[in-house]
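Enquirer: The sequence shown lines up with residues 946 to 1122 when you count with the numbering used here.
No residue lacks a Cβ here, since even glycine has one placed at the ideal position from N, Cα and C.
The structure displayed is predicted, hence computed values, not measured ones.
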Amino acid sequence: MISADIAARLNAQINREFYSAYFYLALSAQAEAGSLKGTAAWFAAKHREEMTHALKMYRYVLDQGATVQLAQVAAPPAETQGVLDMFERTLTHEREVTAAINDLVDQAVAGKDHATSVFLHWFVTEQIEEEATVNEILGRLRLFGDKGQGLLLIDNELATLATQMAQAAAAASSAAG
Ligand SMILES: [Fe+2]
Ligand SMILES: [Fe+2]
946 MISADIAARL NAQINREFYS AYFYLALSAQ AEAGSLKGTA AWFAAKHREE MTHALKMYRY
1006 VLDQGATVQL AQVAAPPAET QGVLDMFERT LTHEREVTAA INDLVDQAVA GKDHATSVFL
1066 HWFVTEQIEE EATVNEILGR LRLFGDKGQG LLLIDNELAT LATQMAQAAA AASSAAG
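See the structure below:
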């Protein structure tokens, strides 16, 4: 059993994960509209990944006998200014998520809620990887450019990364199933 305070905080995090999914879906649509197929596939893969984060947390709240309370999900950005802007916003967004997860861990530890603390470790590790990946993409965008040949190169790389994410997700779900 978890405290009402932790349950409320976890419900807020479920909302953030759904917002993340929505955020990436919006960017995927914008990339596809801009003929960036690889970028669109990468953001679509991120969308699916964030849905699994939301559902993982939803499952934990239910398993702890607490109430899942789904709130309104905020609207994602209606437009972005090209691929560099998309990834800069992505990094800002993921840093906010990392801060929220860290805050949740602080609260779980302060409340001697070991189960929640252990549960959240997976998310702590996940955020390290997510920020590193986005930093790497941003580095390559700045190095090779976000126009012309450089953009084509990065769009192709993102297509490959999206395929790898889909394979990893399929392997994870078959291992869990
Ligand atoms: Fe997430
Ligand atoms: Fe994320």
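1. Restricting to Cα atoms, I'd like to know which of Asp1008, Glu1033, Glu977 is closest to valine 1079.
2. Throw me the rounded Cβ distance for the valine 1042 and glutamine 1017 pair, which I believe falls under 8 Å.
3. Please say whether alanine 1104 and glycine 1027 have beta carbons closer to each other than 9 Å?
4. Could you check if tryptophan 1067 is buried or exposed, using at least 16 other CB atoms within 10 Å of its CB as the buried criterion?
5. Under a three-way DSSP split, which group does lysine 1057 fall into?
6. Helix, strand or coil: how does DSSP classify valine 1079 here?
7. Please report the distance separating the alpha-carbon of valine 1069 from that of alanine 1045.
8. Is any heavy atom of ligand 1 found at a distance shorter than 8 Å from the C-beta of serine 973?
9. Since I believe glutamine 1009 is in contact with methionine 946 (beta carbons under 8 Å), could you give me their beta-carbon distance rounded to a whole number of angstroms?
10. Is the CB-CB distance between alanine 986 and serine 973 below 9 Å?
11. So for isoleucine 947, helix, strand or coil by DSSP?
Expert: Working from what's here:
1. The candidate whose alpha carbon is nearest that of valine 1079 is Glu1033.
2. Valine 1042 to glutamine 1017, Cβ: 18 Å. No contact.
3. Taking 9 Å as the Cβ cut-off, glycine 1027 and alanine 1104 do not qualify as a contacting pair.
4. So tryptophan 1067 ends up on the exposed side.
5. Lysine 1057 falls in the coil class under three-state DSSP.
6. In the structure shown, valine 1079 falls within a helical segment according to DSSP collapsed to helix, strand and coil.
7. C-alpha separation (whole angstroms): 10 Å.
8. no
9. The C-beta distance from methionine 946 to glutamine 1009 rounds to 6 Å, short enough to fall under 8 Å.
10. yes
11. coil
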